[in-house]
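Protein chains in written order, with full-length UniProt numbering: chain A, 1 to 238; chain B, 1 to 297; chain C, 1 to 384.
Remarks on the structure that follows.
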Amino acid sequence: MAPLLSAQGLQVRYGAVEAVRGVSFEIQQGEIVALLGANGAGKSSILKAIVGLVPTASGQVMFDGRDITGAAPEGLAPAGLTLSPEGRRVFGTLSVSDNLRMGAFGLTDKDEIAEAWERVYDLFPILKERKDQYAGTLSGGQQQMLAVGRALMSNPRLLLLDEPSLGLAPLVMDQIFELIAKLRDQGVTLLVVEQNVAKTLQVADRGYILVSGKIVEAGNTSELTQSSSMQDAYLGAN
Amino acid sequence: MELFLQQTANALALGGTYALLALGLAVVFSIMGLINFAHGELMTIAGYVLMYCGIASVPFVIAVPLAITASVLAAVAMERIAFRPVRSGSGATMLVTSFAVAMILQVLFQNLISARSQPVLLPALLSDSVRVFGLVIGVNKLAAIASTIVMLVFLDWFMKHQKTGVAMRAAAEDFAVARLMGIRANTVIAGAFALSGLLAGVAAVLWVSQRASVDPLMGFMPVLKAFIAAILGGLGSLRGAVAGGFLLGFIEIYLAAFLPPEMQEFRDPIGLGIVVLVLLIRPNGLIPSATLKAEKV
Amino acid sequence: MKRFLTLTAIGALLAAPVMADTLRVGLATAQTGGLATYDSPVIDGVHIAVNEINAAGGIGGTTMIELIEKDVRSDAAQTSIAAQELVDAGVSVLVLPCDADPSLAAIGIVSSAQIPAISTCASSPTLPMIGGDYMFANFPGDNVQATVSAAWAREQGHDSTYIIYSPDSQYTTMPLYFAEVFEKSGGTVLGQDTHSIGQQDFSAIATRIASLEDQPDVIMTSAYEPDFPSMLKALRAAGVTSQIIGSDGIDSPTTFSLGDAGEGVVFTTAGHALDGNPLADFNTKFEAATGNKSETVFNAVGYDLIKVVEAAVLVTEGSTDPQKIRDAIANLEGIQGATSTITYKGTNGMPVRQVALIQVKGGEREYLGSPSPDAAMIPAPRMQ
């Protein structure tokens, strides 16, 4: 079966700095794939390049059989690809429900929109309770739920999660990983970038380990858990 | 007391006009970080439409929507022709572009229409005045206050309840994430320009109904006032623009009204001094924008 | 404008006799920017006069006029640059912008090059005082206009006045001259207000005047467009019914299109067209040459300017020596222009010209006359 998303020789540069040096990977329909690596290894840059927030220096990204290399970000959500960005970045001056409404901006089918509302409020009852509140007044965990909920509003087939547990209290963090598991059960394909390696490997199917912008190891989670590159990756060795 | 109330009515009318002008600048700035100094030329365009309608004996009630429409179309065209190509440029590039657009339009007006100011025929009713609660208020003042209220209510509704309006607020806060949601940058920016054109058009009708003439350079003064009001209120903040506009109107009118005669000559510097003082106390303006980071796309 | 330029150039090429001298006149005037409103119609009038003279074989049938034009963009610094370029191009006469301030910016160049300079329409009597021997004005002085309008107001039985002036320019301080004459002739000045040029809103001032216990018989201002209509409408809307007196700056179509608010406004200006008088003749010429009706007396003022130059070159018997032309201009007497007769003899460069009084009646121009001012009443130029 053709992968839902595949990257070939993806390269990202910031001026003279080469953040991502020709990585190739793929994600099959229904999988949870983790991108692991130390800070600055290039994980977030890969996600941003996929959705067009940073330009791709070279390489190719295919989504659902379509070349989306360098595509404008606004075209991807309607096509079924959404990123929940690092740092949550909810619209603080908009109400919770307006944030969710913006998540469904690209949808036109009324039934589909109604379903998306139901699903998100089902997953996050707290968002329904607080729907008229400004998003900026929510707690960190609630904002993260809102960020994921907002991304889910477009009914994505592939959801990219960038550091969903960053800066959250341990209890809340657990909720986020429960949520990831729940999403998998609902059939959402996920690409997760996380610094909480242990927890991520518990929920993911497969993973890639990045060091200095290159993939040094790939495999299913049980293989990776025992891998020596894992320690190296986080100790910054090469 | 009656004199004070009378002057307050004057201040409300002037402040309302300034608020509309400042809002026009703020709508665009909040989305793309550009102070559009060609905003005044949108007013000039609306003014010339009023003038030509007067010559062609088009009734004023039809001339006004025509003028406002022209300003909206001109704003959208301005974005498409001048600003879209430099959108990825630096803030300075866009600022210089807006000056260039303003100057090019001024020279076109001077050469294609007239360097001299042209009379605009207005209905006599606008020069009349009415008594409201014992105050004598000019009809054009009442019109200014009423249009300001209508525009503010409309804008509030649009920004809060219309999908495009909410998207514009979202884009103003975080353009990159808004695009991730599928909100099209072109749509939002064109929408912001259209809104600014609408505000410029309404302000132009109020402005021209006082001065009864249009000239190629008439846009300079209002855009200057709008700029001061927008800074005073907090750049990029729509509520701030309204607050800044009203405060500027009140400062100008109260100084002109109550400063002792021997100090009237220094009215403008004193007024700007007050503005500076406010900014010293509140460096980001009266109601600062929630996100001063106005990201570009 | 370009059409004129080409016509002039072609005219000069075709008609120039080999032996004839060419008089070079340099125009350093505002074709763009704020002053273009005044300079550009004056220059239209200049072109009409130059074309007429050249078509007849030049001044005295021998001296063709060649215009060299520079746009100073209403900017003082640009005016002095343009003036220098024109001096370098060998002009015998310089024409400077309508406002005293940019004209004065070129004074250093004018005096050191010893070339006569004429401002298109600046009316501040201080211009030739500061400008020296080589600076000439081409318009009735502010103090003369104010004397004529104050005398008219007193004759009408108006006893009290209130003035609104702007310290921003020489011209907009004309109401101070008016107040001086008005008091000297027994009237009372109830008060004064200032505004800034380009001020949009006059409601505060209007409300203050409306609340005065003694309403002034006359309100005098030399504000011009766009300030004047705003001021007038604000005064009327506030319920002020005083006679409004203005100056030549409001001699524009807008003033006649203000409806009831404009009714009865009186102002002084450079002239008035009556059947068969020189201004009416000029207006006919203007329409024939441009296809448009002359909208402003400033067209005729431009014609006057070239008539003055022509008269001076006739005195020098065709000599284009700037020094001789300057001396000739300074001694001209009774030259018939389009708006008035013009005399420089006995003045310091501010010409003696008639001042016409106009009243707005039913949206039309009503001529109240061109009274000669009482010389004893004319205030001395006020240096700022």
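Note that CB positions come from ideal geometry on N, CA and C, so glycine has one too.
Chain-ordered neighbours of residue i on chain A, where CB pairs are closer than 7 Å
i	result
Gly182(B)	Glu74, Ala77, Pro78, Phe105, Gly106 and Ser154
Glu173(B)	Phe91, Gly92 and Thr93
Neighbouring residues, chain B, relative to residue i (Cβ below 7 Å)
i	result
Gly198(C)	Met221
Val51(A)	Leu180
Gly259(C)	Ala124 and Ser127
Ala204(C)	Gln7, Asn10, Ile253, Ala256 and Ala257
Cross-chain neighbours of residue i in chain B, by beta carbon under 8 Å
i	result
Ala238(C)	Ser129, Val136 and Gly138
Asp21(C)	Here the premise fails: no neighbours, minimum Cβ distance about 33 Å.
Ala106(C)	Per Cβ cutoff of 8 Å: no residues; Ala106(C) is ~21 Å from chain B at best.
Glu225(C)	Ser117, Arg211, Ser213 and Asp215
Residue environment, residue i, which counts as buried when at least 16 other CB atoms sit within 10 Å
i	result
Pro381(C)	buried
Leu5(B)	exposed
Arg131(B)	exposed
Leu4(A)	buried
Tyr344(C)	buried
Gln118(B)	buried
Arg208(C)	buried
Leu5(C)	Because the pLDDT of Leu5(C) is 48, which lies under 50, any placement of that residue in the model is unreliable, and the number read from its coordinates should be weighed accordingly. Exposed, by the Cβ-count rule.
Ala55(C)	exposed
Asn36(B)	buried
Lys293(C)	exposed
Thr172(C)	buried
Ile219(B)	Position check: residue 219(B) holds Gly in this sequence, whereas Ile was assumed. Answer is buried; the Cβ neighbour count reaches 16.
Lys182(A)	exposed
Trp157(B)	exposed
Asp260(C)	exposed
Ala100(B)	exposed
residue 259(A)	Lying outside 1 to 238, the shown extent of chain A, residue 259(A) is not represented and no answer is given.
Arg88(A)	buried
Within 8 Å, strictly: CB atoms of residue i and residue j
i	j	result
Ala234(C)	Ser203(C)	yes
residue 385(C)	Ser160(C)	Residue 385(C) falls outside the range modelled here, since chain C spans only 1 to 384, and no answer is possible.
Thr296(C)	Pro41(C)	yes
Asp248(C)	Gln145(C)	yes
Thr32(C)	Val223(B)	no
Ile68(B)	Ala92(B)	no
Ile50(A)	Val23(A)	no
Leu25(B)	Ser71(B)	no
Ser149(C)	Val315(C)	no
Gly92(A)	Leu123(A)	no
Ala77(A)	Gly207(A)	no
Pro371(C)	Ile115(C)	no
Cys98(C)	Ala122(C)	yes
DSSP bridge partner residues for residue i (one or two, in chain order)
i	result
Leu36(A)	Ile209(A)
Phe267(C)	Gly246(C) and Ile358(C)
Thr29(C)	Asp71(C)
Gln192(C)	Ile163(C)
Ser84(A)	Leu161(A)
Phe25(A)	Ala7(A)
Asn220(A)	Arg206(A)
Lys307(C)	None; Lys307(C) has no bridge partner.
Leu280(B)	In the DSSP output, where bridge partners are listed per residue, Leu280(B) has none listed.
residue 309(B)	Lying outside 1 to 297, the shown extent of chain B, residue 309(B) is not represented and no answer is given.
Thr221(C)	Ile164(C)
Asp67(A)	Met62(A)
Gly249(B)	Answer is none; Gly249(B) lacks a bridge partner.
Thr22(C)	Met64(C)
Pro119(B)	Ser213(B)
Lys214(A)	Val211(A)
Contacts that residue i makes with chain C (C-beta to C-beta distance below 8 Å)
i	result
Gln6(B)	Thr207 and Ser211
Closer than 9 Å at the beta carbon, the chain B residues around residue i
i	result
Asp44(C)	Neighbours of Asp44(C) on chain B: none; closest Cβ ~10 Å, over 9 Å.
Met62(A)	Those within 9 Å of Met62(A) in chain B number zero; the least Cβ separation is about 19 Å.
Chain C contact residues for residue i, given Cβ-Cβ distances below 9 Å
i	result
Val202(B)	Under the 9 Å cutoff, chain C gives no residues; its nearest Cβ is about 15 Å from Val202(B).
Residues that residue i contacts on chain A, provided the C-beta gap is smaller than 8 Å
i	result
Val27(B)	What Val27(B) touches in chain A: nothing, since even the nearest Cβ is about 15 Å away.
In chain order, each beta strand (DSSP E) run of at least 3 residues that lies wholly inside the region 61-144 of chain C:
64-71, 93-96 and 117-119
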